[in-house]
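Visitor: Residue numbers (this note's numbering), protein chains in the order written: chain V, 1 to 113; chain R, 114 to 226.
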């Protein structure tokens, strides 16, 4: 069965510093991968998705992610973090059947000024 | 602004009440979803509708009753809920084919007294 692991429960970075959030997946075939962000009191917003092709994917709000099949990873990066990026970030993989997403446990990002 | 609209934003109800949560989308999506999210946890899938037919029920208790009156609307009828049902209820929609990105509403914060 598919699974997603986000090893970091919390991450704190300084404003203006670079960011990398880790995501590892388990999936037998080529995965469909997603990153979502959730601000307090809001729903999930899609940041970016990977289906196939170029392994470096650009998303909204200056985020990018790199798919590495050899490492089963899909890490999210941003070169310079803004205070408004403080939120919870979820990595997800499309399930092998049905319209289902398998979510990781999430990483809470704190930004210090 | 979110393209998936959920009402109400907040709901407080007693364990004997009957209430409904509503979700509406106008993106032409033919798959719609209900999720339950507890604090600091990822969303948990409850139901999936595809072309207005229930395609997935994740063994949800019968006190939750979904309804999809048309391709734009999704309801969740609530009856005799328990305190542990207090959570954020999220609606999402997507294209009906597999592994399409899901678009989420901002949710209904439900509290059971």
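All residues carry an ideal CB built from backbone N, CA and C; glycine is no exception. Quick caveat, the model's predicted, so the values are computed rather than measured.
If you draw a straight line from the alpha carbon of residue 1 of chain V to that of residue 73 of chain V, how long is it in whole angstroms?
Guide: Taking the first chain and counting its residues from 1, the one referred to as residue 1 of chain V is at position 1. Taking the first chain and counting its residues from 1, the one referred to as residue 73 of chain V is at position 73. Distance between the alpha carbons of residue 1 of chain V and residue 73 of chain V: 17 Å.
Visitor: Comparing alpha-carbon positions, which option in R/152, R/196, R/174 lies nearest residue 129 of chain R?
Guide: Translated into the one-based positions of the second chain, residue 129 of chain R becomes position 16. Comparing Cα-Cα distances from residue 129 of chain R to each of R/152, R/196, R/174, the minimum goes to R/196.
Visitor: Terminal residues of the continuous beta strand (DSSP E) containing residue 81 of chain V?
Guide: The residue labelled residue 81 of chain V in the question sits at position 81 within the first chain. Segment: none, residue 81 of chain V is in no beta strand (DSSP E) and carries neither H nor E.
Visitor: So residue 144 of chain R contacts chain V; which residues on that side make the cut at Cβ distance below 7 Å?
Guide: Here residue 144 of chain R refers to the residue found at position 31 when the second chain is read from its first residue. 99, listed in chain order.
Visitor: What residues from chain V crowd round residue 214 of chain R, counting only those whose CB sits closer than 8 Å?
Guide: Walking along the second chain from the start, residue 214 of chain R turns up at place 101. Neighbours of residue 214 of chain R on chain V, chain order: 34, 46, 49.
Visitor: Kindly list, in the order they appear in chain R, the residues whose Cβ is closer than 7 Å to that of residue 105 of chain V.
Guide: Locating residue 105 of chain V in the first chain gives position 105, counting from the first residue. Under the 7 Å cutoff, chain R gives 155.
Visitor: Spell out whether any CB of chain V is found under 7 Å from the CB atom of residue 167 of chain R.
Guide: Looking up residue 167 of chain R in the second chain gives position 54. No - not a single Cβ of chain V is within 7 Å of the one on residue 167 of chain R.
Visitor: Within the segment 140–201 of chain R, note down every full alpha helix (DSSP H) run reaching 4 residues or more, in order along the chain.
Guide: DSSP runs (the alpha helix (DSSP H)) wholly in the segment 140–201 of chain R: none.
Visitor: Assign residue 122 of chain R to one of three DSSP states: helix, strand, or coil.
Guide: For the purposes of this step, residue 122 of chain R is taken as residue 9 along the second chain, with counting starting at 1. Coil.
Visitor: Which of the three DSSP states is assigned to residue 9 of chain V in this structure?
Guide: Reading the first chain from its first residue, position 9 is the one you call residue 9 of chain V. Coil, per DSSP.
Visitor: Taking 8 Å as the limit between beta carbons, can you name the residues of its chain near residue 183 of chain R, skipping five residues before and five after?
Guide: By 1-based counting over the second chain, the position of residue 183 of chain R is 70. Closer than 8 Å at Cβ, skipping near neighbours: 165.
Visitor: Check each candidate in V/60, V/6, V/45, V/17 and name the one with the smallest Cα separation from residue 83 of chain V.
Guide: For this step, residue 83 of chain V is matched to residue 83 along the first chain. Looking at the Cα atoms, V/17 is the closest of the given residues.
Visitor: Report the partner residues of residue 49 of chain V according to the DSSP bridge assignment.
Guide: The residue given as residue 49 of chain V occupies position 49 in the first chain. Beta-bridge pairing links residue 49 of chain V to V/34.
Visitor: So, helix, strand or coil for residue 61 of chain V, using DSSP?
Guide: Position 61 of the first chain holds residue 61 of chain V. If DSSP states are grouped into helix, strand and coil, residue 61 of chain V belongs with the helices.
Visitor: Answer yes or no: do residue 21 of chain V and residue 36 of chain V have a C-beta to C-beta separation smaller than 7 Å?
Guide: Indexing the first chain from 1 puts residue 21 of chain V at position 21. Indexing the first chain from 1 puts residue 36 of chain V at position 36. Contact: no.
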